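Enquirer: I have a structure I would like to understand better, so I am pasting it below and will then ask my questions one at a time.
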Amino acid sequence: MHDIKYIRENYDVFKKKISNRNNTTKIDDILNIDKKNRKLIQEKETLEKQKKDISKSKDEAMFQKSKEISLKIKELTEYQLKVKKELDSILSSVPNIPTEDVPVGSDEKDNKVIETIGDIESKNFKEKSHYELGEKLDMLDFDLATKTTGSRFVFVKDKLALMERALSNFMLDVHTLENGYNEISPPLLASETTMFGTGQLPKFENDQFEIKLDKNDGRKFLIPTAEVILTNIVKNQIVKLSDLPLRFVASTPCFRKEAGSYGKDTKGMIRQHQFYKVELVSIVENDQCLGELERMTKSATKILDRLKLPYRKIILCTGDMGFSAEKTYDIEVWLPSEKKYREISSCSSCGSFQARRMNSRYKNTNNENVFTGTLNGSGLAVGRTLIAVMENYQNKDGSITIPEALRPYMNNMDKILPIKS
RNA sequence: GGAGAGAUGGCUGAGUGGUUGAAAGCACCGGUCUUGAAAACCGGCAAAGGGGCAACUCUUUCCUGGGUUCGAAUCCCAGUCUCUCCGCCA
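Everything in the first sequence is counted per this note's numbering, starting at 92 for the first residue and increasing by one.
So this is what it looks like as structure tokens:
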């Protein structure tokens, strides 16, 4: 959510910067609506002052007049609220403004590679995809998921299930013990205001799974990422300056409808309705965001370094960034079967964009309440990391060598072999 | 599912119709004292929004929305949320 004052004073700059984003909200009327809103507020307040004066004077002769004023105020207020609502609905649907160093571009083709780490090993056999490997091992079962649930779900079985769990534990250990994050095991359902806070609502409702609790309770949604629930920890709160930065990590299932991507990545477990992800969230003073983004990205890449997986870091262009982000690095891991780098983490600074939606603030050294800075990043997507390990560590016979970093988490096994039948 | 209690500033917590935006305490900020710190003492300290270059000023806000009244934190109605007890349950 943007600060209307900023927009008022910097409209041309604002408009130009928003035009670089994939923005579908019309912003042309924004200044007029704002003006109208403020004019109505003034009129209303003038009347309110009159009424207040009468009440204070206790002059019975004026009591009738006061009643009349009340009616006028009521009318004006109704109209003003309608205008305000219109203004809010526009404001809450406009994406964040990119920072200066974000490359301008329209889609993923305009993202820029920043660095490439690790050597791509050329094997003397044709590498299989993770789903071929998994099905052959009888440890990834898509058909079974179709039977019990539907498409875009998967059963992970046996040693691969163990590996999935190991990855999650390994990542959590690195982030809590080495990177200074506090582990959280959060609710997997989020309320409507929580979803609004991080920007999933109102614009992206179609991507979310809504859950009906039997009371006529408020709306609830399955979290599409732990970012939602972790960031909202500071919702409606004035955080103590001495408590910042706050750093949280959680490993949770994530649920997405992926409405926009039917037909994309239909094979395998790249794009599922449900997947595990280890998520990092930082709440910082608002001038610390960009430094924290570097720190967070390093925390995420450290996992890939330890697993010895080849990856590259890219900066997303203005058109490809998420709604709430002001700057985003994607980390892409090498997948031999596709001969491509695929996204395995996305680390974003949101500046005070989410904090304004959540009303999350801290008192700065001048004792003023200011909005916090929020950041989120995957550290890492567990399902995709599993895929990356399988494909990069596969052997000719279809077995999978276990990365050394994971062995302590997998009973010191060094290889996954087909289940004996 | 049944019964009850509650929602007031960063926090704790007074306050049942007329300058109460709201006592008190804690926290925080400034000062006195001190070599320094602590303690003690003095002073300050809610937010959001509107107008103004500014000093400043106005409006709103005691969970939300209605209602009564010239006037509501305070009275009435509806709702939301939280907590406790019982039942059910991993």
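Positions of the beta carbon are idealized from the N, C-alpha and C atoms, including for glycine. A quick note: this is a predicted structure, and the numbers were derived from the prediction, not measured.
How is the alpha helix (DSSP H) around Y170 delimited, first residue to last?
Expert: Walking along the first sequence from the start, residue 170 turns up at place 79. Start and end: 154 to 182.
Enquirer: Quick one: Cα of L381 to Cα of S490, how far?
Expert: Within the first sequence, the letter at position 290 stands for residue 381. Within the first sequence, the letter at position 399 stands for residue 490. Answer to the nearest angstrom: the Cα atoms are 42 Å apart.
Enquirer: Answer with buried or exposed for A152, where buried requires no fewer than 16 other C-beta atoms within 10 angstroms of its C-beta.
Expert: Translated into positions along the first sequence, residue 152 becomes position 61. It counts as exposed.
Enquirer: Could you tell me how far apart the beta carbons of C441 and N187 are, in whole angstroms, since I believe they sit closer than 8 Å?
Expert: Within the first sequence, numbered from 1, the residue matching residue 441 stands at position 350. Within the first sequence, numbered from 1, the residue matching residue 187 stands at position 96. So it is a contact: roughly 6 Å between Cβ atoms.
Enquirer: Do T419 and A446 have their C-beta atoms within less than 8 Å of each other?
Expert: Translated into the one-based positions of the first sequence, residue 419 becomes position 328. Translated into the one-based positions of the first sequence, residue 446 becomes position 355. Cβ atoms of T419 and A446: not closer than 8 Å.
Enquirer: Among residues of its own chain, excluding the 5 on either side of L337, which ones have a beta-carbon nearer than 6 Å to its beta-carbon?
Expert: As a first step, residue 337 must be located in the first sequence, where it is residue number 246. Same-chain partners within the cutoff: I374.
Enquirer: So the alpha helix (DSSP H) S148 belongs to, where does it begin and stop?
Expert: The residue you call residue 148 lines up with position 57 of the first sequence. Unbroken alpha helix (DSSP H) run through S148: 121 to 148.
Enquirer: So, with DSSP's three-state summary, where would you put I211?
Expert: As a working note, residue 211 is residue 120 in the first sequence. Looking at I211 - three-state DSSP - the assignment turns out to be coil, as it is neither helix nor strand.
Enquirer: Going by C-alpha to C-alpha distance, which of D488, G288, L471, K331 sits closest to R434?
Expert: Here residue 434 corresponds to residue number 343 of the first sequence, with the count starting at 1. The residue you asked about is not Arg; residue 434 is Glu in the sequence shown. The shortest Cα separation from E434 among D488, G288, L471, K331 belongs to L471.
Enquirer: Between the Cα of T240 and the Cα atoms of N101, Q363, D198, N114, which residue gives the shortest distance?
Expert: Translated into the one-based positions of the first sequence, residue 240 becomes position 149. Per the Cα distances, Q363.
Enquirer: For my contact list, Q485 and K248 are in at a C-beta cut-off of 8 Å; report their separation, rounded to the angstrom.
Expert: Here the question's residue 485 lines up with position 394 in the first sequence. Here the question's residue 248 lines up with position 157 in the first sequence. So it is not a contact: roughly 17 Å between Cβ atoms.
Enquirer: E383 and S428 look like a contact to me (Cβ under 8 Å); what is the Cβ gap, rounded to whole Å?
Expert: Stepping through the first sequence from its first residue, residue 383 is reached at position 292. Stepping through the first sequence from its first residue, residue 428 is reached at position 337. Not confirmed; about 35 Å, so no contact.
Enquirer: Kindly indicate which residue of L253, I324, T392, S276 has the alpha-carbon position closest to the one of I493.
Expert: As a position in the first sequence, residue 493 is number 402, starting the count at 1. Cα-wise, what sits closest to I493 is L253.
Enquirer: Does DSSP put Q291 in a helix, a strand or coil?
Expert: Along the first sequence, read from residue 1 onward, the residue named residue 291 stands at position 200. If DSSP states are grouped into helix, strand and coil, Q291 belongs with coil.
Enquirer: From what residue to what residue does the beta strand (DSSP E) around E482 run?
Expert: Translated into the one-based positions of the first sequence, residue 482 becomes position 391. No beta strand (DSSP E) contains E482, which is instead part of the alpha helix (DSSP H) from 473 to 483.
Enquirer: Cα-Cα, which of D232, E255, L263, I406 is closest to V372?
Expert: Reading the first sequence from its first residue, position 281 is the one you call residue 372. Nearest of D232, E255, L263, I406 to V372, Cα basis: L263.
Enquirer: If I measure Cβ to Cβ from N68 and keep anything under 6 Å in the same chain, skipping five residues before and after, which residues do I get?
Expert: A query on residue 68 cannot be resolved here, the shown segment of the chain reaching from 92 to 512 and no further.
Enquirer: A252 lies in the alpha helix (DSSP H); which residues open and close that run?
Expert: Reading the first sequence from its first residue, position 161 is the one you call residue 252. Unbroken alpha helix (DSSP H) run through A252: 249 to 264.
Enquirer: Using the DSSP secondary-structure output, state which residues sit across from D421 in a beta bridge.
Expert: Sequence index remark: in the first sequence, residue 421 carries index 330 (1-based). Note: D421 sits in a beta bridge opposite I405, S437.
Enquirer: List the endpoints of the continuous alpha helix (DSSP H) containing F233.
Expert: Working through the first sequence from its first residue, we reach residue 233 at position 142. Here the alpha helix (DSSP H) through F233 covers 233 to 239.
Enquirer: Excluding the 5 residues flanking K402 on each side, which residues of the same chain have their C-beta closer than 8 Å to its C-beta?
Expert: Counting from one through the first sequence, the residue named residue 402 turns up at place 311. Reading the sequence as shown, one finds Tyr at residue 402 and not Lys. Taken in chain order, the residues that qualify are T207, I208, G209, T392, L395, I422, E423, V424, W425, Y432, I435.
Enquirer: Would you check if the stretch 101 to 111 and the stretch 135 to 149 touch, i.e. whether three or more CB-CB distances between them fall below 8 Å?
Expert: Output reads no: the stretch 101 to 111 does not touch the stretch 135 to 149.
Enquirer: Using DSSP with H/G/I as helix, E/B as strand and the rest coil, what is Y272?
Expert: For the purposes of this step, residue 272 is identified with residue 181 of the first sequence, where counting begins at 1. Correct three-state label for Y272: coil.
Enquirer: Which residues in the same chain as Y222 place their Cβ atom closer than 8 Å to its Cβ, once the five residues preceding and following it in sequence are excluded?
Expert: Numbered from 1 along the first sequence, position 131 holds the residue referred to as residue 222. Around Y222: L231, F233, K358, G359, M360.
Enquirer: What do you reckon, are the CB atoms on L335 and N455 nearer than 8 Å?
Expert: As a first step, residue 335 is located in the first sequence; it is residue number 244 there, counting from the start. As a first step, residue 455 is located in the first sequence; it is residue number 364 there, counting from the start. No; because the gap between Cβ atoms is not below 8 Å, this pair is not in contact.
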